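K.L.:
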Ligand SMILES: CC(C)(COP(=O)(O)OP(=O)(O)OC[C@H]1O[C@@H](n2cnc3c(N)ncnc32)[C@H](O)[C@@H]1OP(=O)(O)O)[C@@H](O)C(=O)NCCC(=O)NCCS
C-alpha cells in the first residue's frame, strides 16, 4: 500500500470510494463526494491524497485552506474515506499521518469536524473557544502545530456548503 498525490485518472475512483465509505454512516449527508469534486474544480485542494494498493484506490483524504476566527493559515482535513472492505487495516491512520507530516511545513495547524474517538489518537482535541455554528462542540477539533490555542469559528471553504459568515 502506498500513499501518494491524487492524479487525474483517480478522480472517478475517488468519488466512488467516498460515496461508498460515507454510505455506511447514518449521519452522512450524502454530499461528501460532491464536496471533494467542488474543492477540486475550484483548485482548493491543498492536499488530495490517495491510498493505493495493487493498482486500486482504497483510501482518500482531502485538505483545504481554512480560517479559525481571524486567523488564516489553518488546514481543514476531510473528507477522509477508506473502502469499507479495507477498514481497520491502518489505512486511515496512514493517510492522516502523511497529511500531518506535509501540513506541518505549510500550515499553523490542522482542524476538522469528526468523531473525537477516532481523531483524538492523532492529537486532535476540542478547545473552549473553537466552534462551528450548528455543530456539537465535541466534534470540532484542532491540532495547532505551534501550540497556540485556536479561538473562534472554524470557517470551511464554501464548497462544504455550510453557509458560514466569511
Ligand atoms: C473513519 C475511517 C476513515 C477509518 O479508516 P480506517 O482505515 O478503518 O482506520 P484505521 O485502520 O487507521 O483505524 C482504525 C481504528 O479506528 C477506530 N475507529 C474507526 N472509526 C472510528 C470512530 N468513528 N470512532 C472511534 N474509533 C473509530 C477503529 O475501531 C480502529 O480501532 P483499533 O485500531 O483500536 O482497532 C473509515 O472507517 C471510514 O472511511 N469511515 C466512513 C467515512 C468516515 O467516517 N470518515 C471520517 C468522517 S469524519
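Residue numbers (UniProt numbering): 1 to 166.
Glycine included, C-beta positions come from ideal geometry on N, C-alpha and C.
None of the values given here were measured: they were computed from a predicted structure.
If you drop the 5 nearest sequence neighbours on each side, which residues of the same chain put their C-beta closer than 6 Å to that of residue 33?
P.N.:
Excluding positions up to five away in sequence, the list reads 15, 18 and 19.
K.L.:
Whose CB is closer than 6 Å to a heavy atom of ligand 1? List the residues in chain order.
P.N.:
Listed along the chain, these residues meet the criterion: 21, 22, 24, 25, 78, 80, 81, 82, 87, 88, 89, 90, 91, 92, 93, 114, 115, 117 and 118.
K.L.:
Since I believe residue 161 is in contact with residue 31 (beta carbons under 8 Å), could you give me their beta-carbon distance rounded to a whole number of angstroms?
P.N.:
Contact holds; Cβ gap of about 7 Å.
K.L.:
Do residue 189 and residue 68 have their CB atoms nearer than 9 Å?
P.N.:
Nothing about residue 189 can be reported from this structure: the residues present for the chain run from 1 to 166 only.
K.L.:
Using DSSP's beta-bridge definition, name the partner residues of residue 29.
P.N.:
BP columns for residue 29 are empty, so no partner.
K.L.:
Can you tell which of 99, 108, 146 and 70 has its C-alpha closest to the C-alpha of residue 61?
P.N.:
Minimum Cα distance to residue 61 is reached at 99.
K.L.:
What distance in whole Å lies between the Cβ atoms of residue 6 and residue 49, which are believed to be in contact at a cut-off of 8 Å?
P.N.:
Indeed, because the Cβ distance is near 7 Å, the residues count as touching under 8 Å.
K.L.:
Name, in chain order, the residues that DSSP records as bridge partners for residue 53.
P.N.:
Answer is 56, bridged to residue 53.
K.L.:
By Cβ distance below 8 Å, which residues in the same chain neighbour residue 133 in space, the five residues on each side in sequence not counted?
P.N.:
The residues are 153 and 164.
K.L.:
Between residue 150 and residue 144, how many whole angstroms is the CB-CB distance? I'm expecting something under 8 Å.
P.N.:
Rounded, the Cβ-Cβ distance is 6 Å, consistent with contact.
K.L.:
Does the beta-carbon distance from residue 64 to residue 156 come in below 9 Å?
P.N.:
Taking 9 Å as the Cβ cut-off, residue 64 and residue 156 qualify as a contacting pair.
K.L.:
With 16 as the cutoff for other CB atoms within 10 Å, does residue 118 come out buried or exposed?
P.N.:
Exposed, since its Cβ has fewer than 16 Cβ neighbours within 10 Å.
K.L.:
So, using beta-carbon positions, are residue 88 and residue 59 closer together than 9 Å?
P.N.:
No.
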